[in-house]
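Asks:
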Amino acid sequence: LKNVFWDGNMTGIFSVTSAGMMKLFQRVKPTCFDDVAAVTALFRPGPLGSGMDSMFADRKNGIEKVSYDHPILEDIMKDTYGCLVYQEQMLEIGRRLGKMSWKDTNRLRKLFLKKDKSKQDDYIKKEEDELKAKLIAGCMENGLSENKGEELWEMCGRFGGYGFNRSHSIAYAMVTMQTAFLRTYYPMEF
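Using the numbering used here, the letters of the sequence shown map in sequence onto residues 44 to 233.
(1) Assuming residue 79 contacts residue 88 under a Cβ cut-off of 8 Å, what Cβ separation, rounded to an integer in Å, is found between them?
(2) Could you tell me the distance, in whole angstroms, from the CA atom of residue 49 to the CA atom of residue 121?
(3) Would you mind sorting residue 99 into buried or exposed? The rule is 16 or more other CB atoms within 10 Å of its CB.
(4) Check whether the region 129-143 and the region 190-206 touch, using three or more Cβ-Cβ pairs below 8 Å as the test.
(5) So the candidates are 166, 91, 181 and 126; which of them puts its Cα closest to the Cα of residue 148?
(6) Can you give me the Cβ contacts of residue 123 inside the same chain, cut-off strictly under 8 Å, excluding the 5 residues immediately before and after it?
(7) Go through its chain and collect everything with a Cβ distance to residue 185's Cβ below 6 Å, but skip five positions before and after it.
(8) Within its chain, find whatever has a CB closer than 6 Å to the CB of residue 69; leave out the 5 residues flanking it on each side and keep chain order.
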């Protein structure tokens, strides 16, 4: 189905007909189902705002070297070329690298995925400060510098503007692949 995704020939394909989505598929050049799922997750305000779309495309295609600041990050993000693509990865960063409890990682998820951050009150600001301190302390316990912990916090915050969970992306990608297959091989019926 390279002619569909690599050439941006996506008319009628489920959820990928916007010009921006077509361009992202052309830049990523998906070679497997997981790439299609990742692109559906990357074309959301959080990943787009954090530059993960460009990083993913460049790393997948060998333009940029994939690197990790810690072996735990490699374990969490090796399937996505070191890019934060799914909500679950953000939770794993908090849980494993930040040494946060499950309760705190869920609080982290809720904090980062709030739609309107401009309406934050003192309670939310206090919670943000507490969770940030916990994440950075855990990162430092795992051997990262305070600056790297800050970078991870910022990366998760930018991603959290609106990120997909993996199961949602897989479901979208499945229907995307099915409609691309039908349009390619059964155009009359499609």
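Don't be surprised by glycine CBs; every beta carbon is placed ideally from N, CA and C.
Replies: Quick look at the numbers:
(1) Numbered from 1 along the sequence shown, position 36 holds the residue referred to as residue 79. Numbered from 1 along the sequence shown, position 45 holds the residue referred to as residue 88. About 20 Å separates the two Cβ atoms, so there is no contact after all.
(2) Along the sequence shown, read from residue 1 onward, the residue named residue 49 stands at position 6. Along the sequence shown, read from residue 1 onward, the residue named residue 121 stands at position 78. Residue 49 and residue 121: Cα-Cα distance of roughly 23 Å.
(3) On the sequence shown, residue 99 is found 56 positions in, with the first residue counted as 1. The residue is buried, with at least 16 neighbouring Cβ atoms inside 10 Å.
(4) yes
(5) As a first step, residue 148 must be located in the sequence shown, where it is residue number 105. If we check each option's Cα against that of residue 148, 181 comes out closest.
(6) In the sequence shown, residue 123 corresponds to position 80, counting from 1. So the qualifying residues of the chain are 81, 99, 129 and 132.
(7) Taking the sequence shown and counting its residues from 1, one reaches residue 185 at position 142. The residues are 140.
(8) On the sequence shown, residue 69 is found 26 positions in, with the first residue counted as 1. The residues are 51.
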